[in-house]
Amino acid sequence: MTKNLGNASRTISKKQPESSVLGRLAPALFPLVVVALGYMIGRQFFGF
58 MTKNLGNASR TISKKQPESS VLGRLAPALF PLVVVALGYM IGRQFFGF
């Protein structure tokens, strides 16, 4: 068994990395992209 001595160096900083603009907008734009793709595929194959 291994005991945790608590003296290991930490490589992960506690500072939160800044998210980019694209990273913040991607969840909002995802449904719009899905609808646009569905429309284009539907128009191509089903003649909407």
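The numbering used here numbers the first residue of the sequence shown as 58 and each following residue consecutively. Even glycine gets a Cβ: it sits at the ideal position worked out from N, Cα and C. Predicted, not measured: the structure shown is a model, and the values here were computed from it.
Threonine 68 and arginine 100 have their C-alpha atoms roughly 52 Å apart. For glycine 99, the enclosing alpha helix (DSSP H) stretches over residues 78-103. A direct Cα-Cα distance of roughly 11 Å separates phenylalanine 103 from glycine 95.
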